[in-house]
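Residue numbers (this note's numbering): 1 to 227.
No residue lacks a Cβ here, since even glycine has one placed at the ideal position from N, Cα and C.
The model shown is predicted, which means the values in this text are computed figures rather than measured ones.
Taking it in order: structure first as structure tokens, then the write-up.
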Amino acid sequence: MVSALILAFKQLGERRTRSIMLWTILITLAISALLIAGASATFALLELSGIVFIDSALALFGGIAAALVAWLLFPVLAAEVLYLFIDEVADSVEERHYPHLPKPTPASFWHYAIAGIRFALIMAFFNLLILPIALFPIANVIYPILYFIINGILLGREYFEIVAPRRMDFKAVRQKRRKHRIKLFVSGVVIALLFTIPLINLVAPIVATAFMVHIFHDLRGSEKPYV
């Protein structure tokens, strides 16, 4: 698993991966900018107080608050944008490290789109569910444990189900996931940790995808045939 993570980080130096990373960051920045501009414009148009300088100040603070939220949500947005390039990342890893493999059968765009929306909603639901625990002085020591347990389960499952269907049918994917649920949980915890480290979290979706490609091939071993 350590070697898979090292290889995933090394993948960032590959030209094709750098191009994907650049596009992911640019698109995510554009979405974030639109959110910030929209929040500022909304506060400006509302004219909450009816006093010009107060409303201007509210619009400014609203924009700053939106910028802060956009920064905090940047890794999540980047993960969603990356769904557009999942196959590109996986292909890049396999061409470099598994050149003997036949050409994969990637899922459709709509499969990834639906999977991305579903994943975002599930992640948001469970993380918001445990967030109040962090607000209590004594109970907040439990929060990191719950965070990594929940996100380890969700991220391990999600990234595996993104990568594996390229080379296995969905029934086989589910069987493989159940068989190796402990290793996938640990892999999910590693991915969750990447999302918590400043700066690294900006490229975490790409690293996580490359990492899971290696985990998938390690779990699959010498089983044949590939599809």
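Contact check between the segment 113–133 and the segment 154–171: three or more CB pairs, one atom from each, fall below 8 Å, which counts as touching. Look at M212 here: in three-state DSSP terms it is helix. CA-to-CA, the gap between V186 and I149 works out to about 9 Å. In the three-state scheme derived from DSSP, where H, G and I count as helix and E and B as strand, K103 is classed as coil.
Annotation for V89: the continuous alpha helix (DSSP H) segment containing it runs I86 to H97. Here E94 is buried: its Cβ has 16 or more other Cβ atoms, across all protein chains shown, within 10 Å. For F74 and I191, the gap between their C-alpha atoms comes out near 16 Å. Judged by their CB atoms, I27 and A67 are not nearer to each other than the 8 Å cut-off. For Q175, the enclosing alpha helix (DSSP H) has its first and last residue at F170 to K179. Contact check for V213 and V163: beta-carbon distance about 5 Å, within the 8 Å limit, so the pair qualifies. In this structure, the CA atom of F9 is about 10 Å from the CA atom of I200.
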